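Numbering (full-length UniProt numbering), first residue to last: 1 to 108.
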C-alpha cells in the first residue's frame, strides 16, 4: 500500500532521480487541496527567491514554511480536526453520528 506517509515521502524524495528522463512523479491531492496549494504557489516562488530554496517549504495540506516558521497556513484546523487515527473507534463514531442525526430529525 502506497499511502503510508513514510513510503510516500521516500518515493517522492527519490523522484529527483527521474530528472532528464521521460518519466515524472507527481502527488495526487484532492481537488480542494490542489486548488488551495495553487493559491500559495506565487508566494512560495517569491519566498524562495527572497530566502533561498533550502529555507522555504510547501507543507501538507497547504502551508508555507519560511526559515523554519509557518508563514501562511490555508488549512489551520487540518491536524486538530484529523488528530489521531481516522479508523480507531469507528463503531463509536458511527453510532454517535447516527444518534446525532436522529436527534436532529426529532427536533424538526
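All C-beta atoms, glycine included, are put in the ideal place defined by N, C-alpha and C. Note that the coordinates shown come from a computational prediction; the quantities given were computed from them, not determined experimentally.
Inset, instruction - Take residue 45 and list the residues in its own chain whose beta-carbon comes closer than 6 Å to its own, dropping the five residues that flank it on each side. - result: Its chain contains no residue whose beta carbon lies nearer than 6 Å to that of residue 45 once the 5 sequence neighbours on both sides are disregarded.
Inset, instruction - Would you tell me roughly how many angstroms separate the C-alpha atoms of residue 40 and residue 79, rounded to the nearest one? - result: Computed Cα separation, rounded: 19 Å.
Inset, instruction - Classify residue 69 as helix, strand or coil using the three-state DSSP reduction. - result: Of the three classes helix, strand and coil, the one that applies to residue 69 here is strand, per DSSP.
Legend entry - Reduced DSSP secondary structure (H/G/I, E/B, other) of residue 108: Residue state, collapsed to three classes: coil.
Legend entry - Proximity of residue 74 and residue 36 at Cβ, strictly below 8 Å: Taking 8 Å as the cut-off, the Cβ atoms of residue 74 and residue 36 count as close.
Inset, instruction - Decide if residue 56 is buried, meaning its Cβ has at least 16 other Cβ atoms within 10 Å, or exposed. - result: By the 10 Å Cβ count, residue 56 comes out buried.
Inset, instruction - Below 6 Å CB to CB, which residues in the same chain sit around residue 47 once its five sequence neighbours on both sides are set aside? - result: Taken in chain order, the residues that qualify are 56 and 66.
Legend entry - Boundaries of the alpha helix (DSSP H) in which residue 59 is found, first to last residue: No alpha helix (DSSP H) contains residue 59, which is instead part of the beta strand (DSSP E) from 56 to 59.
Inset, instruction - Would you list the residues sitting across from residue 82 in a DSSP beta bridge? - result: Paired residue(s): none; residue 82 is not in a bridge.
Legend entry - Identity of the residue in 29, 19 and 23 nearest residue 8 by Cα: It is 29 whose Cα lies nearest to the Cα of residue 8.
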